Every structure is written in structure tokens, then in C-alpha cells.
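Convert by adding 317 to the 1-based position in the sequence shown; the result is the number in the working numbering.
Every residue, glycine too, gets a C-beta built ideally from N, C-alpha and C.
This structure is a prediction, so every number in the text was calculated from the model and none was measured.
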Amino acid sequence: MNLNAIQNSINTFAETPLREASTRLLNTLGYHSRRTGNKGMDTQLFHSLREAAAARRAQAPIDAPDRLCIDDWANFHLIFQIADDEINLQETLFEPSTFDEHLTLSYLFVALQLSGENYTRTQLADITRFINTHYSVPVMVMFRYGDVLTLAIINRRRHKRDETKRVLEKVTLIKDINLREPHRAHLDILAELHLESLLETEAVRNFDTLHKAWEGVLNTETLNRKFYRELYEWYDWAKSECRFPDGETETQVIRMITRLLFVWFLKEKGLVPVELFVETSVARLQSAPTSVARLQSASTGGG
Numbered sequence: 318m319n320l321n322a323i324q325n326s327i328n329t330f331a332e333t334p335l336r337e338a339s340t341r342l343l344n345t346l347g348y349h350s351r352r353t354g355n356k357g358m359d360t361q362l363f364h365s366l367r368e369a370a371a372a373r374r375a376q377a378p379i380d381a382p383d384r385l386c387i388d389d390w391a392n393f394h395l396i397f398q399i400a401d402d403e404i405n406l407q408e409t410l411f412e413p414s415t416f417d418e419h420l421t422l423s424y425l426f427v428a429l430q431l432s433g434e435n436y437t438r439t440q441l442a443d444i445t446r447f448i449n450t451h452y453s454v455p456v457m458v459m460f461r462y463g464d465v466l467t468l469a470i471i472n473r474r475r476h477k478r479d480e481t482k483r484v485l486e487k488v489t490l491i492k493d494i495n496l497r498e499p500h501r502a503h504l505d506i507l508a509e510l511h512l513e514s515l516l517e518t519e520a521v522r523n524f525d526t527l528h529k530a531w532e533g534v535l536n537t538e539t540l541n542r543k544f545y546r547e548l549y550e551w552y553d554w555a556k557s558e559c560r561f562p563d564g565e566t567e568t569q570v571i572r573m574i575t576r577l578l579f580v581w582f583l584k585e586k587g588l589v590p591v592e593l594f595v596e597t598s599v600a601r602l603q604s605a606p607t608s609v610a611r612l613q614s615a616s617t618g619g620g
């Protein structure tokens with residue numbers, strides 16, 4: 318999957334209307350459907366959700382926090398509904414082209430604009446869970462707020478005593494994807510969610526197996542194992558490439574890795590310039606050391 322195409326799609330969220338940007342990203346990831354929403358449907362569904370959220374807030378204790386942040390809900394879009402036959406990449410010209418809430422073998426993609434700048438995982442998970450309680454089919458929620466995008470999916474399972482019902486379980490988030498400069502890790506995760514990639518590596522034949530494939534990609538333990546495997550491979554490579562004055566290559570490489578990770582953490586917090594992690598920028602900075610001072614001043618707000 319072309320990471321540049323994914324990055325370009327994410328970049329469009331900064332300036333493009335939410336529905337258009339969301340559709341473009343999903344299309345880039347290989348998800349298409351003729352069952353799309355429209356402005357009238359968005360207004361109706363948004364009004365219904367806000368009313369239900371307000372009713373729930375009214376029943377809560379007066380001093381209870383608004384877990385759904387409903388005052389921040391700016392606008393809502395039903396992007397499209399994808400069914401089993403579309404996951405199988407079959408021809409859909411003769412299929413209905415309108416949203417059908419009774420089409421149980423399907424998946425909904427919706428987008429919600431929030432007016433605030435930052436939201437916790439708990440807040441986004443609560444909103445995702447609330448939206449999913451109002452539909453009989455699974456809903457992926459795409460949140461846009463501040464300068465970031467968050468994707469949320471929720472696991473559903475059959476009720477143990479009533480097979481007609483579904484139980485909502487864990488919410489998984491791809492949180493705070495920077496709209497202008499998305500992290501490489503976010504791009505890699507999105508690339509693994511590309512439908513074509515999943516069809517090549519997983520037995521994806523319907524929305525149930527699709528969801529399991531998504532969970533496999535987003536599973537925290539899997540991501541951790543992948544991270545440590547790649548870190549070890551880099552450590553193994555660095556041992557043969559790096560030279561240190563006092564020898565003890567293995568110890569020195571470990572020290573270098575821990576320091577790099579610490580500086581990366583500082584970069585994520587905006588305390589050091591991102592250019593230090595861009596290969597072309599580093600080459601330029603090495604040849605012009607005075608540029609480093611200017612970057613440090615800019616990142617700390619100095620004059």
C-alpha cells in the first residue's frame with residue numbers, strides 16, 4: 318500500500334469538509350460502497366443521537382461529568398454502509414444504493430466533528446459505545462477535532478442467552494493522527510487495515526471476519542510484539558554498523574537506543590524539533606550547525 322496516498326488522504330482533513338475527507342480516506346484504504354448517506358439523513362440521525370444523549374445526561378446526577386461531551390458535537394455524517402458482498406469485492410450495480418439500518422450483515426462508517434481540541438481515550442470510547450447502542454450493526458466512528466483524527470472500532474459478540482442480541486465490548490482507537498504530519502506508525506497501521514492487504518493475509522469473507530482482521534492489526538499485544546521485534550532487528554543491525562572508542566559495542570548501542578527513545582518522547586511532546594528525525598533535515602543540520610540553535614529556539618518558543 319502506498320503510504321503517500323494514505324498521508325495525502327489524511328492531509329485533506331485539515332481543509333476539506335468532513336464527509337468528503339472521510340470518504341476519500343476510506344476509499345484510499347480500499348473500502349467503497351454505493352450505500353451512502355446524505356445531508357438530510359445526517360441531520361435526522363444527528364438530531365436523534367443528540368436527543369438520546371441529552372436524555373441520558375438529564376438522568377445522570379447533577380454533578381456528574383458529561384461523559385459524552387454532547388455540547389462539543391458539531392456535526393455528524395453517515396459516510397457509507399458496506400455489506401458482505403462488497404467486502405468480497407463482488408459487483409454491486411444491482412444492489413440498493415441507500416442506507417438500510419436493517420441490513421445486519423454490514424458495517425457502518427460515520428464521522429463526528431468535535432469542537433474541542435483534546436479528548437481522552439475514555440471520552441472517545443464512551444461516545445463510540447453510545448453511538449453503537451443505537452444501531453443493530455457495528456459502527457466505525459471517525460472523530461475529527463483540533464488538528465487530529467481518531468478512528469474508533471468496537472467489538473461486538475453474540476449474547477450468550479439471546480442470539481438475536483449483541484453485547485458491546487472493548488473499543489479500540491487509532492488516536493490523534495496528526496492531520497498535517499501524520500506519524501509513520503499511524504500510516505503503517507492504516508496501511509495494514511487496507512482491504513486488499515487484509516484479503517491477502519487474512520481469511521476475510523464477511524464483516525465478522527473483517528472485524529476480526531481489524532482487531533488483529535490493532536491488538537495492543539500484537540503491536541507491542543511488532544515494535545520490540547523491529548527494535549531488536551535494528552539493535553542487531555546497529556551492532557555491526559556502529560563503532561565506539563572504548564569498544565563494548567552492545568552496551569553502547571543499548572545506551573544509544575534508550576537515549577534516542579527519550580529524545581523521541583521529547584519530540585512527541587513538542588520539546589525538540591521534528592526535523593531531528595527527518596533524514597534529509599539531519600544531513601542539512603550537520604553541515605550547518607547554526608540551524609540547530611534556531612530549531613531549538615523555535616521548539617521552545619525562545620527569541
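Each residue's CA atom was taken as its position, placing Y552 and F561 some 15 Å apart.
In this structure, DSSP gives H394 an extended state, which the three-state scheme calls strand. Note that the stretch 334 to 343 does not touch the stretch 364 to 380; fewer than 3 beta-carbon pairs, one per stretch, sit closer than 8 Å. The three-state secondary structure of T489, taken from DSSP, is strand. For A331 against R497, the beta-carbon gap comes to about 6 Å, under 8 Å, which counts as contact. T489 sits buried, since 16 or more C-beta atoms from the chains shown fall within 10 Å of its C-beta. In the structure shown, I571 adopts helical secondary structure according to DSSP, grouped into three states. Per DSSP, reduced to three states, the secondary structure at S557 is helical. C-alpha of I396 to C-alpha of L485: approximately 22 Å in a straight line. For L320, there is no enclosing beta strand (DSSP E); the residue is found in the alpha helix (DSSP H) stretching over 320 to 328.
Runs of the alpha helix (DSSP H) lying entirely within the stretch 428 to 463 and spanning at least 4 residues, in chain order: 438 to 450. Take the alpha-carbon of I574 and the one of T568: they are about 10 Å apart. Closest in C-alpha terms to G533, from the list E509, A442, A555, G357, comes E509. In the DSSP assignment, F594 falls outside any alpha helix (DSSP H), carrying neither H nor E. For S339, the uninterrupted alpha helix (DSSP H) segment begins and ends at 335 to 345. Beta-bridge partners assigned by DSSP to L468: M459, I491.
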